[in-house]
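Remarks on the structure that follows.
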Amino acid sequence: MSVHERRLDSEITERRLLQSTVEVARHVFAAAAASVFLVDQETGELVFEAVSGEGEQHLVGTRFAPGTGIAGWVAASGQPMVADEVAAVPQFAHDAAESTGYVPRSIMAAPVIRQETCIGVLEVLDRSATWRGDLADVDLLAMLAAQAAYGLELLIRLREAEAALPARPVDEDVHELLQRISDRVPRNGRAADPTALKLLAVAEELLH
């Protein structure tokens, strides 16, 4: 398996972890939808990384401007919010919700914390009023947000590692190509192959 394939496999694993988190959240709260946003550290934008329920077919990767809606307020403040009637909450962004294709009546959101910094938001839309035991809904949401933090942490580390690598990473295919070129370099008094020597010189320059 090449380096690119291993990276792709790792990202799929992290996304599955985030997806399982939102699916559990939607099930626990018998909600219409649940989602995890990542705060883009360069732009401050909110990015859908996992969605379960309404919008799950098209929202992943969608971005909103910093501070947009209840999720934006939670990301900026680092505090959870429960809005049983979003129409009565000034932080609610009706236009942003409408653009997703689903306008909820209620939203519950909790910050996803990494090293005392909010890196994302876990949001639940239109939860049911079913009794869920002794823990308050916001406490249950906080527990699920902690799980989401683990998935986002892995995803962030993977992307940081990718950014630190050269634009053209060395993988098994490159090593195989270099070996084939090297086999054409003269040994035991054989005549030199000028093309092979030039290719090796270029490869050495690129790799260093």
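All the letters of the sequence shown, read from the start, carry residue numbers 76 to 283 under the working numbering. Even glycine gets a Cβ: it sits at the ideal position worked out from N, Cα and C. The model shown is predicted, which means the values in this text are computed figures rather than measured ones.
Assigned secondary structure, residue i (DSSP; H/G/I helix, E/B strand, else coil)
| i | result |
| --- | --- |
| residue 125 | strand |
| residue 215 | helix |
| residue 191 | coil |
| residue 200 | strand |
| residue 107 | coil |
| residue 157 | strand |
| residue 221 | helix |
Beta bridge counterpart(s) of residue i as assigned by DSSP
| i | result |
| --- | --- |
| residue 138 | 122 |
| residue 113 | 122 and 195 |
| residue 186 | 196 |
Cβ neighbours of residue i in the same chain (closer than 6 angstroms, five flanking residues each side left out)
| i | result |
| --- | --- |
| residue 128 | 101, 107 and 108 |
| residue 149 | 156, 184, 186 and 196 |
| residue 138 | 120 and 122 |
| residue 192 | none |
| residue 92 | 226 |
| residue 178 | 172 |
Neighbourhood of residue i by C-beta distance below 7 angstroms, restricted to the same chain and skipping five residues each side
| i | result |
| --- | --- |
| residue 143 | 121, 168 and 171 |
| residue 216 | 155, 183, 185, 197 and 199 |
| residue 243 | Unreliable placement is indicated for residue 243, whose pLDDT of 49 sits below 50; the coordinate value is still reported in the next sentence. Taken in chain order, the list of residues that qualify is empty. |
Whether residue i touches residue j by CB criterion (8 angstroms)
| i | j | result |
| --- | --- | --- |
| residue 198 | residue 112 | yes |
| residue 125 | residue 97 | yes |
| residue 89 | residue 230 | yes |
| residue 202 | residue 214 | no |
Cut-off 8 angstroms between Cβ atoms - residues of its own chain near residue i, not counting five sequence neighbours on either side
| i | result |
| --- | --- |
| residue 228 | 189 and 194 |
Count the C-beta pairs between the stretch 155 to 166 and the stretch 120 to 135 that are closer than 8 angstroms, then say yes if the count reaches three, no if not. no
Touch check for the stretch 198 to 211 and the stretch 113 to 127: three-plus C-beta pairs under 8 angstroms? No, they do not touch.
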